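Per numbering that gives the first Met the number 0, the very first residue in the sequence shown carries number 0; after that it's consecutive.
Don't be surprised by glycine CBs; every beta carbon is placed ideally from N, CA and C.
Just so it is clear, the structure is predicted and the values come from calculations on it, not from any experiment.
Data first, discussion second: the structure below is written as structure tokens.
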Amino acid sequence: MTTLYRGDFISDELFEEYQKSIDQSTIYFKWRSFVSTSTSEQVARQFGDHNILYELQLDHHSAEDQCIKLTSLTQFSEEKEILLRPGVRFRIIKIESHDCEFRHKITIEILPSYISSLYRAPF
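In structure tokens, the structure reads:
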């Protein structure tokens, strides 16, 4: 399991949807665009105007087709950036009140894609 972090700003309406979905296995959300994350929580705290901090749990197996490590491809290797591909689905695991920098820390589980589930199929 890999842990990634992302600072973000979300609306109150989306936050309410997140709260209602905690531990609901049939409810998931999707990022439709590329999503920048970091393996460093400190780095994630530095970027953008944000009111939440995502803590993303990503299974190594499903990572193969859902993200790319940019460390060796960028001039900013200290950012420890992992770029998630469009269409990544996730489920809310828990929401914690956090420090004054972020209102909340949201722990999410990245769900395996259809393609990554094929990797697990016995042949």
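Suppose the cutoff is 7 Å on Cβ atoms and the five residues either side in sequence are ignored; what does the same chain contact list for residue i look like?
i	result
residue 40	4
residue 96	103
residue 42	78 and 79
Based on DSSP bridge pairs, tell me the residues matched to residue i.
i	result
residue 56	2 and 108
residue 68	81
residue 94	105
residue 19	Its beta-bridge partners do not exist; DSSP assigns none.
residue 35	82
residue 87	30
Can you list, in chain order, the residues of its chain whose CB lies under 6 Å from that of residue i, leaving out five sequence neighbours each side?
i	result
residue 50	8 and 102
residue 34	83
Given 7 Å as the limit, tell me if residue i has its C-beta closer than that to any heavy atom belonging to the ligand FMN.
i	result
residue 78	Only the bare structure without any ligand can be found here, which leaves the ligand FMN out of the picture.
Mark residue i as exposed unless 16 or more other C-beta atoms lie within 10 angstroms of its C-beta, in which case mark it buried.
i	result
residue 113	exposed
residue 52	buried
residue 90	buried
residue 124	Given that the chain is displayed from residue 0 to residue 122, the structure contains no residue 124 and the question cannot be resolved.
residue 105	buried
residue 70	exposed
Check whether the Cβ of residue i lies closer than 8 Å to any Cβ atom in chain D.
i	result
residue 46	Any reference to chain D falls outside this structure, which holds one protein chain only.
Give every residue of the same chain whose Cβ lies closer than 8 Å to the Cβ of residue i, excluding the five residues on either side of it in the sequence, and list them in chain order.
i	result
residue 122	Note on residue 122: pLDDT 39, under 50, position unreliable in the model; the coordinate value appears next. Excluding sequence neighbours, residue 122 sits near nothing in its chain.
Mind reading off the beta-carbon distance from residue i to residue j? Whole number of angstroms is fine, and I expect it under 8 Å.
i	j	result
residue 108	residue 92	5 Å
residue 85	residue 31	6 Å
residue 38	residue 81	6 Å
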